[in-house]
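Protein chains: 2
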Amino acid sequence: MTVTDAAIEKIKSMIVSGELQPGDRLPVEKVLAAELGLSRNSLREAIRALTVLRILETRQGAGTYVTSLAPSLILDAVSFIVAFHDPKTALEFLDTRRVLESEAAARSSQRMTPEDLDRLGMINADLHALAAAEVFDSEAFLRADKQFHRVVAESCGNSALAALVVMLGGQTEPARMLRVAFSDEVAAQAAREHDGIVDALRRRDPDRARSRTAAHILNLEDWLERELDKR
Amino acid sequence: MTVTDAAIEKIKSMIVSGELQPGDRLPVEKVLAAELGLSRNSLREAIRALTVLRILETRQGAGTYVTSLAPSLILDAVSFIVAFHDPKTALEFLDTRRVLESEAAARSSQRMTPEDLDRLGMINADLHALAAAEVFDSEAFLRADKQFHRVVAESCGNSALAALVVMLGGQTEPARMLRVAFSDEVAAQAAREHDGIVDALRRRDPDRARSRTAAHILNLEDWLERELDKR
DNA sequence: CTAACGAGATTCATCGGGTCAATAGTCAGC
DNA sequence: GCTGACTATTGACCCGATGAATCTCGTTAG
Chain S
1 MTVTDAAIEK IKSMIVSGEL QPGDRLPVEK VLAAELGLSR NSLREAIRAL
51 TVLRILETRQ GAGTYVTSLA PSLILDAVSF IVAFHDPKTA LEFLDTRRVL
101 ESEAAARSSQ RMTPEDLDRL GMINADLHAL AAAEVFDSEA FLRADKQFHR
151 VVAESCGNSA LAALVVMLGG QTEPARMLRV AFSDEVAAQA AREHDGIVDA
201 LRRRDPDRAR SRTAAHILNL EDWLERELDK R
Chain G
1 MTVTDAAIEK IKSMIVSGEL QPGDRLPVEK VLAAELGLSR NSLREAIRAL
51 TVLRILETRQ GAGTYVTSLA PSLILDAVSF IVAFHDPKTA LEFLDTRRVL
101 ESEAAARSSQ RMTPEDLDRL GMINADLHAL AAAEVFDSEA FLRADKQFHR
151 VVAESCGNSA LAALVVMLGG QTEPARMLRV AFSDEVAAQA AREHDGIVDA
201 LRRRDPDRAR SRTAAHILNL EDWLERELDK R
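Put into structure tokens, the structure is as follows:
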């Protein structure tokens with residue numbers, strides 16, 4: 001256990017115990033270093049580690065603060081981690097995402113407002129347009145697609161579940177591969193499947209929403225598997 | 001964007017691009033710092049950040065290495081993050097865990113070997129014994145309980161799913177609270193529910209495994225909710 | 001010839017000192 | 001009362017040095 005690790009644990013326990021609340025400001029580096037009994041450099045390593053985990057936030061000239069610790073914020077750090085995985089692992093993540101997102105869709109079907117549904121419809125209209133465009137912009141399509149899934153997930157009423165879905169739908173390494181292999185035909189098919197999901201959500205039918213979402217992601221899994229076999 | 005953040009991105013891209021493979025050794029700090037054009041201290045902050053994310057591993061005197069990047073390793077870092085949440089958020093995590101673990105149990109029912117099942121039976125026999133002991137050791141019970149759920153999850157055939165389940169069953173803050181409030185009666189009830197899960201797994205019946213697991217965790221959720229209301 | 005040993009080189013861990021840049025708080029001027 | 005310049009605060013970043021853990025490799029005992 002290095003002194004930096006000890007400092008991380010110390011700061012962590014100060015937060016978990018409530019000694020430091022979200023939004024609180026930490027003592028200045030020099031003082032905190034003295035309190036914890038280590039050098040400023042080593043303390044900075046600890047602070048940096050907690051910063052990339054979105055637990056602390058530093059602003060030059062202003063100070064270091066505890067973040068809101070919202071699940072979405074924290075799990076955002078996880079999507080950073082997920083990006084390191086190989087394509088085979090990506091299939092497992094996608095498989096897991098299917099489990100979570102179909103459940104989230106079922107729950108969202110009971111909770112989405114007409115405004116949410118309209119917004120979702122507009123996003124998918126964009127997706128149809130992007131898929132039918134003269135020159136297919138896979139980059140833009142995947143960005144909007146992510147947006148679609150995010151809206152569905154975030155209406156489910158459980159922010160931890162939503163954050164996990166968004167995280168698993170994030171930038172995995174094969175997602176970059178997708179960009180080159182993703183065709184306008186696959187995109188058009190995906191947009192049509194989205195229509196089915198939106199319809200299920202409008203009907204407020206959890207079973208339909210669940211099944212349609214599961215099938216949609218399953219198709220994505222199959223496509224990815226085929227792409228991986230090609231190489 | 002600070003120079004350290006830039007270094008993190010640079011190292012990340014080196015791994016994602018395959019320039020650095022799992023197990024590879026990084027250049028020594030002094031050299032790498034020169035290559036990336038920053039001081040050793042700043043580079044060390046970047047390395048430390050990737051170390052707490054379990055992406056790099058440093059050994060004094062030996063060097064800095066890229067980890068295996070196994071999902072379990074990576075998601076292990078997540079359980080560290082999850083520990084920061086308040087009890088209310090813990091309910092959401094438990095809710096999410098129910099979704100994942102019931103699915104994992106259903107899958108495991110099709111895959112567990114007789115040896116796995118025997119092992120599970122033994123673990124639960126221990127749990128029964130612990131719950132019936134003269135002086136109830138909640139610490140030991142929860143440790144064995146975690147073990148039980150881990151064995152079920154890890155047989156599901158998807159290591160990412162398994163890792164997520166284990167992570168969500170891990171050290172959340174209320175888990176510490178559990179230790180004081182957890183009674184031998186609640187423990188005995190949990191062990192009986194485990195019997196039902198083991199039975200379903202032995203029957204190789206995914207639906208029973210799914211339902212029994214979901215109900216088990218649901219009971220845990222209810223219990224936690226009641227405990228939270230008390231305060 | 002093999003295995004245990006040990007000196008030296010390598011590498012990360014930690015420290016103290018310092019400069020620079022961004023922010024916030026203060027106070028004069030209108 | 002409001003604006004803007006000045007100043008103190010604070011994190012960002014750098015350099016150089018020492019200590020501790022590990023590895024390398026030649027040496028020696030069996």
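Just so you know, the protein sequences line up as chains S and G, in that order.
Taking the UniProt record's numbering, the leading residue of the first sequence gets 1, the next gets one more, and so forth.
Taking the UniProt record's numbering, the leading residue of the second sequence gets 1, the next gets one more, and so forth.
Think of the CB as a built atom: it goes at the ideal place given N, C-alpha and C, for glycine as much as any other residue.
Compare the Cα-Cα distances from residue i to each of the options and report the closest residue.
{"i": "Arg197 (chain S)", "options": "S:His149, S:Ala6 and S:Glu227", "result": "Reading off the sequence, residue 197 (chain S) comes out as Ile, not Arg. Here the closest residue by C-alpha is S:His149."}
{"i": "Leu26 (chain S)", "options": "S:Met1, S:Arg40, S:Arg59 and S:Thr64", "result": "S:Thr64"}
{"i": "Val28 (chain G)", "options": "G:Glu185, G:Ser211, G:Phe80 and G:Arg59", "result": "G:Arg59"}
{"i": "Ala106 (chain S)", "options": "S:Leu73, S:Leu161 and S:Leu36", "result": "S:Leu161"}
{"i": "Ala83 (chain G)", "options": "S:Lys88, S:Leu75, S:Val151 and S:His85", "result": "S:Leu75"}
{"i": "Ser17 (chain S)", "options": "G:Phe182, G:Glu134 and G:Pro87", "result": "G:Pro87"}
{"i": "Val151 (chain G)", "options": "G:Leu120, G:Val135 and G:Glu139", "result": "G:Leu120"}
{"i": "Ser13 (chain S)", "options": "G:Gly61, G:Thr89, G:Arg192 and G:Phe80", "result": "G:Phe80"}
{"i": "Leu46 (chain G)", "options": "G:Met1, G:Ala62 and G:Pro71", "result": "Looking at the sequence shown, residue 46 (chain G) is not Leu but Ala. That would be G:Met1, whose Cα lies nearest to the Cα of Ala46 (chain G)."}
{"i": "Gln147 (chain S)", "options": "S:Val52, S:His194 and S:Lys230", "result": "S:His194"}
{"i": "Thr89 (chain S)", "options": "G:Ala153, G:Thr89 and G:Pro71", "result": "G:Pro71"}
Taking a contact to mean a Cβ-Cβ separation below 8 Å, would you say residue i touches residue j in this structure?
{"i": "Thr213 (chain S)", "j": "Glu101 (chain S)", "result": "yes"}
{"i": "Leu127 (chain S)", "j": "Phe141 (chain S)", "result": "yes"}
{"i": "Val99 (chain G)", "j": "Glu103 (chain S)", "result": "yes"}
{"i": "Ile15 (chain G)", "j": "Val66 (chain G)", "result": "yes"}
{"i": "Ala73 (chain G)", "j": "Arg54 (chain G)", "result": "Looking at the sequence shown, residue 73 (chain G) is not Ala but Leu. Closer than 8 Å, so yes."}
{"i": "Asp145 (chain G)", "j": "Ala190 (chain G)", "result": "yes"}
{"i": "Glu225 (chain G)", "j": "Leu20 (chain G)", "result": "no"}
{"i": "Pro22 (chain G)", "j": "Leu69 (chain G)", "result": "yes"}
{"i": "Ala187 (chain S)", "j": "Leu130 (chain S)", "result": "yes"}
{"i": "Phe182 (chain G)", "j": "Ser211 (chain G)", "result": "no"}
{"i": "Asn158 (chain G)", "j": "Asn41 (chain S)", "result": "no"}
{"i": "Asp207 (chain S)", "j": "Phe136 (chain S)", "result": "no"}
Identify, in the order they occur along the chain, each residue of the same chain with its Cβ nearer than 7 Å to the Cβ of residue i, setting aside the five sequence neighbours on each side.
{"i": "Ser155 (chain G)", "result": "Ser108, Arg111, Met112 and Asp116"}
{"i": "Ile217 (chain S)", "result": "Leu94, Arg97, Arg98 and Glu101"}
{"i": "Ser39 (chain S)", "result": "Ala33"}
{"i": "Leu36 (chain G)", "result": "Ala7, Lys10 and Leu43"}
{"i": "Arg204 (chain S)", "result": "Ser109 and Gln110"}
{"i": "Leu50 (chain S)", "result": "Ile8, Ile11 and Leu56"}
{"i": "Lys30 (chain G)", "result": "Arg40"}
{"i": "Arg202 (chain G)", "result": "Leu117"}
DSSP three-state label for residue i, please.
{"i": "Arg25 (chain G)", "result": "strand"}
{"i": "Glu193 (chain G)", "result": "helix"}
{"i": "Thr2 (chain S)", "result": "coil"}
{"i": "Thr51 (chain G)", "result": "helix"}
{"i": "Thr113 (chain G)", "result": "coil"}
{"i": "Gly63 (chain S)", "result": "strand"}
Going by the C-beta, is residue i closer than 7 Å to any heavy atom of the ligand SAH?
{"i": "Ala191 (chain G)", "result": "Absence of the ligand SAH is noted for the structure shown, with no ligands found whatsoever."}
Inset, instruction - Compile a chain-ordered list of the residues in the region 134-149 of chain G whose CB is closer than 8 Å to at least one CB of chain S. - result: none
Legend entry - Selection of the region 80-111 of chain S by Cβ proximity to chain G, strictly under 7 Å: Ile81, Ala83, Phe84, His85, Thr89, Glu92, Phe93, Asp95, Thr96, Val99, Leu100 and Glu103
Legend entry - Chain-ordered residues of the region 216-230 of chain S with a beta carbon less than 8 Å from chain G: none
Legend entry - Near-chain G residues of the region 203-214 of chain S - C-beta to any C-beta below 9 Å: none
Inset, instruction - Below 7 Å between beta carbons is the criterion; list the residues of the region 20-54 of chain G that meet it against any residue of chain S, in chain order. - result: Asn41, Arg44, Glu45, Arg48, Ala49, Val52 and Leu53
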